[in-house]
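Taking it in order: structure first as structure tokens, then the write-up.
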Amino acid sequence: MTKFHTRRLCATVLSVLIATSPMLSSAQALLNEDVASFSEDAAAAVAVEKSQLKVGQRYFIAVESLNLRSSNSTTENNVIAKLAMNDEVEIFDLLNEATPLVQIKLLKSAVKSDVAPELFVSKDYLSEKQILLPSSKYFVIQNVATEKTRVYERCVETPNCPHKLVMETEMVVGRPEEGTKDDPHAFKTWLGHAKISEWVKFYQDGMAHYPHWYKSGQDLKTIPGPITEGISKIASSRKWMVKDARNKDTIYGAFGWYAAKVTPSDDVSGMNYQWIHGTIGWGKDGAAAIELTRGFLMNLFSNPGSSGCTRLENRAVAYLRSLLPVGTDIYRVYARESTREKETVTGFFKKKVTPMPRYADKFGVNGRWDYILLTNGAQQSGGLTADAKTIIDKAIPVIAGENLVEQGSYEIDQYPNATQLNYNYTASSGKTGDRYKIDSGKEADAAKTNFKGYFLVDEGRFIDYQHPDSQITKGTIRVSGMADFINSVPEFLATSGEHNPPAVEFQKENNNNIGSQGG
Numbered sequence: 004m005t006k007f008h009t010r011r012l013c014a015t016v017l018s019v020l021i022a023t024s025p026m027l028s029s030a031q032a033l034l035n036e037d038v039a040s041f042s043e044d045a046a047a048a049v050a051v052e053k054s055q056l057k058v059g060q061r062y063f064i065a066v067e068s069l070n071l072r073s074s075n076s077t078t079e080n081n082v083i084a085k086l087a088m089n090d091e092v093e094i095f096d097l098l099n100e101a102t103p104l105v106q107i108k109l110l111k112s113a114v115k116s117d118v119a120p121e122l123f124v125s126k127d128y129l130s131e132k133q134i135l136l137p138s139s140k141y142f143v144i145q146n147v148a149t150e151k152t153r154v155y156e157r158c159v160e161t162p163n164c165p166h167k168l169v170m171e172t173e174m175v176v177g178r179p180e181e182g183t184k185d186d187p188h189a190f191k192t193w194l195g196h197a198k199i200s201e202w203v204k205f206y207q208d209g210m211a212h213y214p215h216w217y218k219s220g221q222d223l224k225t226i227p228g229p230i231t232e233g234i235s236k237i238a239s240s241r242k243w244m245v246k247d248a249r250n251k252d253t254i255y256g257a258f259g260w261y262a263a264k265v266t267p268s269d270d271v272s273g274m275n276y277q278w279i280h281g282t283i284g285w286g287k288d289g290a291a292a293i294e295l296t297r298g299f300l301m302n303l304f305s306n307p308g309s310s311g312c313t314r315l316e317n318r319a320v321a322y323l324r325s326l327l328p329v330g331t332d333i334y335r336v337y338a339r340e341s342t343r344e345k346e347t348v349t350g351f352f353k354k355k356v357t358p359m360p361r362y363a364d365k366f367g368v369n370g371r372w373d374y375i376l377l378t379n380g381a382q383q384s385g386g387l388t389a390d391a392k393t394i395i396d397k398a399i400p401v402i403a404g405e406n407l408v409e410q411g412s413y414e415i416d417q418y419p420n421a422t423q424l425n426y427n428y429t430a431s432s433g434k435t436g437d438r439y440k441i442d443s444g445k446e447a448d449a450a451k452t453n454f455k456g457y458f459l460v461d462e463g464r465f466i467d468y469q470h471p472d473s474q475i476t477k478g479t480i481r482v483s484g485m486a487d488f489i490n491s492v493p494e495f496l497a498t499s500g501e502h503n504p505p506a507v508e509f510q511k512e513n514n515n516n517i518g519s520q521g522g
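Following this line, the structure appears as structure tokens:
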């Protein structure tokens, strides 16, 4: 499999079957391609003349993504990595006026300082001051260990206040059971901090191996039917197996209704092109496509995990599209879960649950989001949301048989549930709390755990958290992305104090279910 397929496609392979001036120089024109930014105005505002820059001074990268080059040339073949906004560099040599590049040293970045003997960047995107962007209302924490995606509303009332859970849902992460000849961990999901760079409606990969869920102008009747209608879900899901343009077996609509691309995205210092996206099936199927990947028979005969992207059911990803703007922070972690507040259970025959006080009104009561999925905006960046209120308020025509794909409601789980570490389940079940099996699961090895710290799911904060060590886990864990979450935790996500982690259920001596990661 090519590098493009293993890292950029990040396909949700649900293998349910076994099988700006005209006078710009060419160099400057190429240099313009070095930059990816949420705000072009902000990027242009920091452009300076070389006479204004100083050798030996520290500067901050002032755009979301900036090409790092290995030589003083603006050719296409010397780009070795991408620097992220607010990475810190020091100017080593201003070079001559004929080149728009300067030679730099890396001070703080996810990119290793020895990635090349000499390093060069554009002079036009360096700032003496750190770039402060307005924080988005929400942020996302994806726990790869427990395969849970959670959205939090950021608390800004006091400096050290807990955040509020808005949504939690199941997700499927990159599969650990196989890799490539060169990289046994090629399909695992990377950890780190990124931001949503764009939303694409009915996305298709660049190689067109995984067709759009819907393509503009397509007859709606040609979309495969729901996977919950038929003799069995597995049998019904066979309808989503098709041939691609090269006549090879593939999955129709593997990226689902919406895909969120993230930045930094590259496979050196970014998130390895691992997007957040939907899956096969319809809204009425609910989480069936997610549940299928966790079945024993499915994992016995096939490998239904993703190739690194995080896959959600279609209604969930459509809700995220309506809620999270471009620029929203995404944090991917591998953490043991806990809660600050305690849920108590009393009674023997008739049990009574006293929920966590902050979420008492959410206990047993889901939120509701109404959606109207239209064909409008198919294949477009920022394509039309499915939020029913938006559709109605904007008086967008909804015509059955023409642009109406599906409408319905999504129940939003807004009550925090910490996932227990339970080694009596298979790793692929979604119930073990240790998807990549970084611990043995044996009580005798409890002191040698590779988990570091805790993730408080009711607060959206961490206690003494560090990413598991990549070397100790033999490459299972990879950390990349923005520099602030490589070896530290941002201040607004850090806390301390007492908490209430669920007890660990270690592997029973006669339980052989966890003999392999895939179960």
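So in our numbering, the last one in the sequence shown is 522, and the numbering has no gaps at all. Virtual Cβ for every residue (Gly too), placed ideally from N, Cα, C.
Item, Value
"Please say whether H280 and G311 have beta carbons closer to each other than 8 Å?", "no"
"Here's the rule I'm using: 16 or more other beta-carbon atoms within 10 Å means buried, otherwise exposed. How should V175 be labelled?", "buried"
"Report the residue from H215, Q133, D96 and S443 whose alpha carbon sits nearest the alpha carbon of K111.", "Q133"
"Cα-Cα, which of E160, S239, S235 and A84 is closest to G228?", "S239"
"Between the Cα of P419 and the Cα atoms of T349, Y362 and N89, which residue gives the shortest distance?", "Y362"
"Take R535 and list the residues in its own chain whose beta-carbon comes closer than 7 Å to its own, dropping the five residues that flank it on each side.", "No statement about residue 535 is possible, as the shown extent of the chain runs from 4 to 522 and does not include it."
"Would you kindly work out how many angstroms separate the C-alpha atoms of V265 and Y276, rounded to a whole number?", "8 Å"
"If the criterion is Cβ atoms closer than 8 Å, does the pair N80 and F63 meet it?", "no"
"So, I94 versus Q60, is the Cβ gap smaller than 8 Å?", "yes"
"Buried or exposed: which applies to A101, given that a residue is buried once 16 or more other Cβ atoms fall within 10 Å of its Cβ?", "exposed"
"Along the chain, where does the beta strand (DSSP E) that runs through A262 open and close?", "Y261 to T266"
"So what does DSSP say about S125, is it helix, strand or coil?", "strand"
"For L300, does the three-state DSSP call read helix, strand or coil?", "With a pLDDT of only 44 at L300, under the threshold of 50, the placement of this residue in the model should not be trusted; the figure read from the coordinates follows. Helix at L300."
"Output the boundary residues of the beta strand (DSSP E) element that contains I395.", "Segment A391 to D396 is the alpha helix (DSSP H) holding I395; no beta strand (DSSP E) there."
"So what does DSSP say about D252, is it helix, strand or coil?", "strand"
"Tell me, please, whether the region 179-193 touches the region 326-333 by the rule of three or more beta-carbon pairs shorter than 8 Å.", "no"
"Could you give the uninterrupted runs of the alpha helix (DSSP H) lying entirely in the region 194-245, keeping only those of 4 residues or more?", "236-240"
"If you follow the alpha helix (DSSP H) that N317 is part of, which residue opens it and which one closes it?", "N317 to L326"
"In whole angstroms, what is the alpha-carbon distance linking A262 and V408?", "17 Å"
"Apply the 10 Å Cβ neighbour rule to Q520 and answer buried if 16 or more other Cβ atoms are within range, or exposed otherwise.", "Confidence in Q520 is poor, its pLDDT being 38 and thus under 50, which makes the residue's placement unreliable; the coordinate value appears in the next sentence. The residue is buried, with at least 16 neighbouring Cβ atoms inside 10 Å."
"With burial defined as no fewer than 16 other Cβ atoms inside 10 Å of the residue's Cβ, what is the status of P179: buried or exposed?", "buried"
"Where does N163 land, buried or exposed, given buried means 16+ other C-beta within 10 angstroms?", "exposed"
"The beta strand (DSSP E) with A84 in it runs from where to where?", "V82 to A87"
"Can you tell me which of the three DSSP states A486 falls into?", "helix"
"For the alpha helix (DSSP H) that L496 lies in, which residues bound it at each end?", "From DSSP, L496 is part of no alpha helix (DSSP H); its letter is neither H nor E."
"Which partner residues of W278 appear in the DSSP bridge assignment?", "W278 is not bridged to any residue."
"Tell me the residue span of the alpha helix (DSSP H) that contains E294.", "A291 to L295"
"Rounded to whole angstroms, what is the Cα-Cα separation between K455 and P471?", "6 Å"
"Look up G177 in the DSSP assignment and say whether it is helix, strand or coil.", "strand"
"Would you identify the three-state DSSP class for K455, choosing helix, strand or coil?", "strand"
"Do you know offhand how far K392's Cα is from D117's?", "52 Å"
"Let me check one thing: in DSSP terms, what residues is M170 bridge-paired to?", "V154"
"For the beta strand (DSSP E) holding I349, just list the boundary residues, first then last.", "Looking at the sequence provided, one finds Thr at residue 349 rather than Ile. Its beta strand (DSSP E) spans residues T347 to T349."
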